[in-house]
Amino acid sequence: MIGSILKSKAEAKLRDFKSSIPSSKDFNNFKFALYFHPLKYDFQSIETKWERYWKENKTFQVSHESKKPKYYVLDMFPYPSGAGLHVGHPLGYIASDIIARYKRHLGFNVLHPQGFDSFGLPAEQYAIQTGQHPAKTTKENIQRYKEQLNRLGFSFDWSREVQTSSPNYYKWTQWIFLLLFDHYYDLSNDKAQSIESLIQQFNTQGNEQIHAVCNEDTPRFTNQQWKSYTWKKQQEILLKYRLTYLSEADVNWCPDLGCVLANDEVIDGVSERGGYPVFRKKMKQWSMRITAYAKRLLKDLDHIDWPGPVKEMQRNWIGQSQGFRIQFQVLHHQENINVYTTRPDTLFGVTFMTLAPELDIVKQITTSENKLVVENYIEKASKKRMLDRLVHAKKISGVFTGSFALHPLNNQKLPIWISDYVLADYGTGAIMGVPAGDQRDHAFATHFNLPIVHIFEGVDTSSEAFVDKEGFTYQNSDLLNGMAFKDGYATIIDRLESDGIGKQVTHFKINDAVFARQRYWGEPIPIYYNEGIPVPIDSQYLPLILPDIEKYLPTPQGDPPLGNAKKWAWDTHHHRIVANDLIDFKTVFPIELNTMPGWAGSSWYFNRYTDANNCQEFASQKALDYWKEVDLYIGGVEHATGHLLYSRFWQKFLADLGLVPFQEYATKLINQGMILGTSAFVYRQKDTQVYVSKNLLDPKETYHQIRIEVDLISSSNELNIEKLKEWQPQFQDGKFVLENGKYIVGREVEKMSKSKFNVVNPDQICHEYGADTLRMYEMFLGPIDQAKPWNTAGISGVHNFLKKFLRLFYKNQEWFVIDHPPHQEELKVLHQAIKNVTRDIERYSFNTCVSSFMIACNKLTELRCHSLEILKPLTVLLSPFAPHIAEEIWEKLGNQHSIAYEPYPIHSEEYLIENTKEYPISFNGKKRFTKTMELNLSKDEIEHLILSDARLEKYLDGKPIKKIIIVPNKIVNIVL
RNA sequence: GCUCGGGUGGUGGAAUUGGUAGACACGUUGGACUUAAAAUCCAAUGACUAUUGCAGUCGUGCGGGUUCAAGUCCCGCCCCGAGUACCA
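Going by this note's numbering, the first residue of the first sequence is number 659, and it counts up by one from there.
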């Protein structure tokens, strides 16, 4: 019934509409208006016009001297690569720009800066190939990026641009490095303290009582001993406390890049950039003592609104575990072996010990008859690539050292083995082998015929280890026998602690971050060497400028590229860099030749934006206090265990020193999903020049898949063969086997990359459809945080919407907006749109926002609305998404100022209440309703209703019913 | 192996967090207007069965369960994606 009413309404509307269409007599007028739309959406001129306007009027330049509340929206700044921007880059920038513009409408003073992370490997490799100075290519790339970014209408305040490779920026990166060098981590206050204060404590009490984070091999000394040490010895000790320090460390060495890598730059045993094999190697290296902050980095994750996966990855990376450190004596040797275990309760199941081959102690305890095999094994293990170590994880290997350890409680002799399944950099690098309680130990024991002690009563551990913590009682376990896990655990740690054999420890998986690269294109480390001891260059002489060099490769002596610099030594008398040929190492000292890693500059840039042009400070207190922390940070999830962790570490350090007002710099983080490319393939028959169309491939034949440029493909996957032959000469002699006269290519979704020929450039979309369309389309594609393949199929829908929207302001080609009170219907459409768009922006659900605009636009077109009172707020609503067209309309509506700061329309509920009572309702239990309704019913009506539906009875219970919500033939909800 | 996500039309994706599943858009089909194309507008479009009685049945990876009501909650499977890994 309702259905038919609605239907007849719709029909009436249609009739109405059709009758309004003029007959063919006055066709001349009408033709243009409806069927031949001359109204051109000239996005090219609109967009260039407004981009110039924003630039000339400095529309988006902001100051911290403002009474308005602040809002800080930040993008992860890009690395300016030579390939330029592709359609994936702007996704996050568009979202952040929408938020920035939205917040401006709401009256916030919005800080929305942009800059460039311009130090990095690709520019340097390009320099090695071409001899071009990285500074030059970087500058060109930045220029290109800026043009492309501006073309998309982002409301960045470019007056605050930062470039990490510019000396007035890296001056402060070096300054922070020196601060880290000058501090240690005090565990009694749980914060960084100056080295100065540490020296004072050494002078008065030595280091016995000091509770600080330091290297494992730090010796113990009294104040007397300290004073007796030479300057050099003192400095060596201090280095073990500094937050950036130089030490012999196991590093990830990548010979192909000639460079060490941080753990997060190694993926599956190969380098993140280039995919070259990575080896473990001992080298003297700069490191950052991020481990000192591990606990705080973990704890404060609870206080920030970051995506779950990022937090989870950081938690895993930090890898906190509660365990026990147990000491084992080595028979006939002085040395003890410390093991780390999370299961001290399985101590009576120990039948052997295993050490990581890299451990120093291995050489000392190896007996002479085993020396050869052990050394062989160590040699082999160190040569093993990290990848092999992963791949051959299942392959069990190891050798016996010939020595034995003593079980601390029952004095059994335990053979000491070495094996590469034990990692040197986790725990103590040594484990106690418990075949009954650990699967790897079990496999190892089985492989080498080592005994298994079955310590769990009720569980068979002869063929498999048992790792659960319930379902057994202990047996063969001395004092634990008969207990369950909980009691057993408590009993054993009590015993071990009282005997002084072991102690409870909190262990972290995270390692200190290697902080030096053997590269040219990075921040110079402001350190010189005196007697081999690193000495800081006083911060007043910063920046330490990166010198020009001619060759970007390592020196013949194997020094980093900076060794090629003519001027590169520090003169302590004149406080300057001096030329090599004049070097007299009595007065001048060699400068550190390594440079900082890529993440140095990006670890604090968000603070610099608050006061980017300050020459006196890294940022003024006033600016920092006004802009505070980042309210919304948008960037890729790939930085979860790199940039996003290091920058939190630096922020905490700066906060410890009182230099920044917050422990966490970004309260809210959103990860934008990657936009993937769709690569295209042609299929060449093996050893021929014959290319076969995709659907004609013979399963019995072998084909080579060859990636080709996606520009050569039509929307129906047809290949333009002529263009292909022009593109690469190898195809010129090709014979193409066609289907239906066409060559159809294969397609596959992959990461967008220049080398895969699947890059789609935003420039060509801008040219064809305009920036506003691109912005809205990228938002419309799907949820912001989801990875999705780029696909232009739907772009016309968004473009049509903008055209339609513009058409609302026109009638018969003429600008036509009326200033009469709008209809109820029109108001309802407007307020529905305001409500939905606002709600969705607040939820960062931009794709549904775009839908809401389309719905509103369609309805208003149908209503033929030209009311100013409707269209004006709608334009404001749209302006964060499509700023150019909004500005254009805004100006045409007679406004002098930019729409950017126009108050946002706030919806009022009264237009949104559904008039459900219009529809007739019948309570005979069989009628159907077409709408969900909220009804205020009288008692009689309710009773009638209840009689019609027995199910309701159970709800009655004597209570009065206030409201009943009904859907077709069903009672939905009852409010008592 | 472990830890997170996620499976909805031909496609991208909606669903106010338990209340008419498929909004919006693409695509497809038909129509209007055109010499024609483009552009624009209108209509249909989950599947099946009916159809000059206007309706019915089934449908959110599979199998169970809770509920008046399940895409949404619970239990058990299957698949896909991401991260991570001899972590003791």
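Ideal placement from N, C-alpha and C gives every residue a C-beta, glycine not left out. Please read all numbers here as calculations on a predicted model, not as lab measurements.
- Bounds of the alpha helix (DSSP H) holding aspartate 1145 are 1143–1157.
- Judged by DSSP in its simplified three-state form, valine 1475 adopts coil rather than helix or strand.
- Membership of valine 1534 in the alpha helix (DSSP H) is indicated by the continuous run 1526–1536.
- In the three-state reduction of the DSSP assignment, leucine 1204 falls in the coil class, being assigned neither a helical nor a strand state.
- Residue pairing by DSSP places phenylalanine 1010 opposite Gly1091 in a beta bridge.
- Glycine 1316 and glutamate 1287 have their alpha carbons spaced roughly 14 Å apart.
- Tryptophan 1228 has Ile1235 and Phe1247 as its beta-bridge partners, per DSSP.
- The stretch 974–1045 is shown to contain whole alpha helix (DSSP H) runs of 4 or more residues at 1019–1023 and 1029–1041, in chain order.
- Per the DSSP secondary-structure output, serine 929 pairs in a beta bridge with Val924.
- The three-state reading of DSSP puts isoleucine 868 in coil, since its state is none of H, G, I, E or B.
- Here glutamate 1436 is buried. Its C-beta has 16 or more other C-beta atoms within 10 Å.
- Going by beta carbons, phenylalanine 1539 and cysteine 1507 fall inside the 9 Å limit.
- Leucine 1067 is not a Cβ neighbour of aspartate 1003, given a cutoff of 9 Å.
- Setting aside the 5 residues that flank it on each side, proline 913 has no residue in the same chain whose C-beta is closer than 6 Å to its C-beta.
- Classified as exposed, serine 1454 has fewer than 16 neighbouring CB atoms from the shown chains inside 10 Å of its CB.
- At the C-beta level, leucine 1220 and isoleucine 786 stay beyond 9 Å of one another.
- As computed with DSSP, glycine 1293 is found in a beta bridge with Asn1329.
- In this chain, the alpha helix (DSSP H) harbouring methionine 1512 covers 1504–1521.
- At the C-beta level, tyrosine 998 and threonine 1059 stay beyond 9 Å of one another.
- Cα atoms of isoleucine 1442 and proline 1387: separation of roughly 40 Å, rounded to the nearest angstrom.
- At least 9 Å separates the beta-carbon of isoleucine 1476 from that of phenylalanine 701.
- Counted as a single uninterrupted DSSP element, the stretch harbouring lysine 1053 is not any beta strand (DSSP E), since DSSP gives it neither H nor E.
- In the structure shown, the three-state DSSP call for alanine 1063 is strand.
- Of the other Cβ atoms in all chains shown, 16 or more fall within 10 Å of the Cβ of phenylalanine 1504; this residue is therefore buried.
- Of the candidates Phe812, Asp1083, Ala850 and Lys1493, the residue whose Cα lies closest to the Cα of arginine 954 is Ala850.
- Rounded to the nearest whole angstrom, the CA to CA distance from lysine 1038 to proline 935 is 16 Å.
- The stretch 1473–1489 and the stretch 767–787 do not touch, with fewer than 3 CB-CB distances between them shorter than 8 Å.
- DSSP places cysteine 1424 in the helix class (H, G or I) of the three-state scheme.
- The straight-line gap separating the alpha-carbon atoms of glutamine 1022 and glutamate 993 is approximately 8 Å.
- The beta-bridge partner set that DSSP reports for phenylalanine 1166 consists of Gln978.
- When secondary structure is reduced to three states using DSSP, tyrosine 803 falls in the helix class.
- Taking a C-beta distance under 9 Å as the contact criterion, alanine 1123 and alanine 1094 qualify as a contact pair.
- Relative to the Cα of histidine 1297, the nearest Cα in the group Pro1319, Ala1281, Thr1325 and Ser1261 belongs to Ser1261.
- In this structure, DSSP gives alanine 907 an extended state, which the three-state scheme calls strand.
- The C-beta distance from glutamine 943 to alanine 1174 rounds to 6 Å, short enough to fall under 8 Å.
- Annotated three-state conformation of histidine 841 is strand, per DSSP.
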